[in-house]
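Engineer: Quick one: structure below, then a few questions.
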Amino acid sequence: MKIVIPGGTGHLGRILTSAFRRRGDDVVVLSRNVEAPARRWDGRTLGDWAEEVDGADLVINLAGRSVDCRYGPREREEILRSRVDSTRVVGEAIARAKRPPALWLQASSATIYSHRYDAPNDEYLGVFGGDEPNAPEEWNFSIEVAKAWERAVDEANTPCTRRVKLRTAMVMSAERGGAFHALLRQVRLGVGRYGDGRQYMSWIHERDFVRAVGWLVENDLEGGVNLASPHPIPNDEFMRELREVWGSHVALRVSGMVLDAGAMLARTETELVLKSRRVVPARLLQHGFTFDYPQWHDAARELCARWKGGVPTCDVQSAPLW
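Letter 307 of the sequence shown, counting from 1, is numbered 307 in our numbering, and no numbers are missing.
Here it is as structure tokens:
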């Protein structure tokens with residue numbers, strides 16, 4: 001296949017680019033980073049890059065500013081605009097293509113769902129978040145960004161292209177700079193849990209993330225699809241299992257002012273570890289997708305083994321991707 005990946009120089013883009021290229025696919029990465037080995041685009045306007053979309057088999061748009069930052073006014077604007085503008089202009093490029101791609105996979109986020117403990121959020125009965133009485137008002141920003149992101153896909157005029165919105169949970173990989181790296185660093189520093197530890201952690205192993213993307217290429221689903229393990233678990237259990245696999249014996253509870261101060265020093269937001277993202281992949285399971293790593297303990301053990309062995313990327317050559 002010929003695959004175009006806007007935003008492909010980020011964490012998830014590198015994972016997918018590596019996997020597809022090992023399959024023998026032709027991958028074109030679009031990036032705003034002038035130092036990256038990729039084709040240039042600004043993520044807002046049509047340009048010469050659009051010729052790559054014309055005739056491509058697949059577009060996977062992953063563009064968007066990292067949310068691992070403090071949410072000041074400028075950062076909020078950049079987070080929102082980088083997602084909505086890039087999605088809009090990708091839709092315009094597909095609409096103008098003489099030979100539009102058969103499939104457009106568009107990044108979204110599992111954070112679009114509500115903060116809840118009582119029941120999992122799937123694609124059928126899940127509740128979108130917003131103004132929940134049990135969640136801080138400032139968490140509404142992330143939810144509104146996710147909703148605007150998906151509206152930009154829905155508003156695109158691409159009748160010849162199947163569209164899938166990837167509501168992706170935290171992707172756990174052994175690569176530095178990702179969610180697993182951040183959580184493992186906290187475990188090594190002695191963090192046992194965040195807050196009361198009841199909040200659910202939704203996640204997906206990088207191999208299952210790659211396999212699910214490939215599976216969606218070959219199966220005729222449209223609309224929102226949750227990319228997450230079928231077994232989210234509370235933060236307390238999540239951190240305990242990671243601690244046991246790594247071999248750490250110190251477990252301190254981090255909450256209140258200490259958590260606020262730590263987030264400020266790390267230039268991030270407490271929402272990323274306190275929101276209960278109890279998200280499950282009903283559509284994938286219903287249509288026959290199986291997970292290599294459905295349980296966090298097994299995923300953590302595999303990731304820790306690769307981390308200790310200095311093997312940063314998923315070995316996708318040892319078995320078929322999908």
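The C-beta atom is built at its ideal place from N, Cα and C for all residues, glycine as well.
Nearest by alpha-carbon distance to residue 274: which of 196, 96 and 285 is it?
Structural biologist: Per the Cα distances, 196.
Engineer: Please name the residue, chosen from 193, 251 and 309, that lies closest to residue 234 on a Cα-to-Cα basis.
Structural biologist: When only C-alpha atoms are compared, the closest one is 193.
Engineer: Would you mind stating whether residue 85 and residue 47 have Cβ atoms separated by less than 9 Å?
Structural biologist: Their beta carbons are not under 9 Å apart, which means residue 85 does not touch residue 47 by this criterion.
Engineer: Any idea if residue 226 is buried or exposed, counting beta-carbon neighbours within 10 angstroms, 16 or more meaning buried?
Structural biologist: Its Cβ being crowded by 16 or more others within 10 Å, residue 226 is buried.
Engineer: For residue 2, which residues of its own chain have a beta-carbon under 6 Å away from its beta-carbon, when the five flanking residues on both sides are left out?
Structural biologist: Cβ neighbours of residue 2 beyond the five flanking positions: 26, 56 and 57.
Engineer: Throw me the rounded Cβ distance for the residue 29 and residue 9 pair, which I believe falls under 8 Å.
Structural biologist: Yes, residue 29 and residue 9 are in contact; Cβ-Cβ is about 6 Å, under 8 Å.
Engineer: Have a look at 22, 32, 23 and 311 and flag the residue whose alpha-carbon is nearest the alpha-carbon of residue 173.
Structural biologist: Residue 311 is the option with its Cα nearest to residue 173.
Engineer: If contacts are defined as beta-carbon pairs under 8 Å, then residue 109 and residue 168 qualify, I think. What distance do you get, rounded to the angstrom?
Structural biologist: Going by Cβ atoms, the distance from residue 109 to residue 168 rounds to 6 Å, so yes, they are a contact pair.
Engineer: In whole angstroms, what is the alpha-carbon distance linking residue 323 and residue 96?
Structural biologist: Nothing can be reported for residue 323: it is not among the residues displayed for the chain, which extend from 1 to 322.
Engineer: Rounded to whole angstroms, what's the CA-CA distance from residue 204 to residue 40? Just pull it up for me.
Structural biologist: The alpha-carbon atoms of residue 204 and residue 40 are separated by roughly 30 Å.
Engineer: What did DSSP end up calling residue 54 once you bin it into helix, strand or coil?
Structural biologist: Coil.
Engineer: Rounded to whole angstroms, what's the CA-CA distance from residue 156 to residue 187? Just pull it up for me.
Structural biologist: Residue 156 and residue 187: Cα-Cα distance of roughly 43 Å.
Engineer: Considering only residues of the segment 169-222, which uninterrupted alpha helix (DSSP H) runs meet the minimum length of 4 residues and lie entirely inside it, listed in chain order?
Structural biologist: Counting whole runs of 4 or more residues, the segment 169-222 contains the alpha helix (DSSP H) stretches 179-188 and 206-218.
Engineer: For residue 49, which residues in the same chain have their Cβ closer than 6 Å to its Cβ, ignoring the five residues on either side in sequence?
Structural biologist: These residues qualify, in order along the chain: 30, 39 and 41.
Engineer: Going straight from the alpha carbon of residue 272 to that of residue 255, what length do you get?
Structural biologist: When rounded, the distance between both Cα atoms is 13 Å.
Engineer: Taking 8 Å as the threshold, find out whether the segment 247-263 comes into contact with the segment 202-220 through three or more Cβ pairs.
Structural biologist: No contact exists between the segment 247-263 and the segment 202-220.
Engineer: Indicate the three-state DSSP secondary structure (helix, strand or coil) for residue 73 in the structure shown.
Structural biologist: Helix, per DSSP.
Engineer: Quick check: the Cα distance between residue 308 and residue 130, rounded to an integer number of angstroms?
Structural biologist: One C-alpha to the other measures close to 40 Å.
Engineer: Return the chain-ordered list of same chain residues with a C-beta closer than 7 Å to the C-beta of residue 318, the five sequence neighbours on each side being excluded.
Structural biologist: Low confidence applies to residue 318: its pLDDT is 44, below 50, so where it sits in the model is not reliable, and the reading given next is rough at best. Excluding positions up to five away in sequence, the list is empty.
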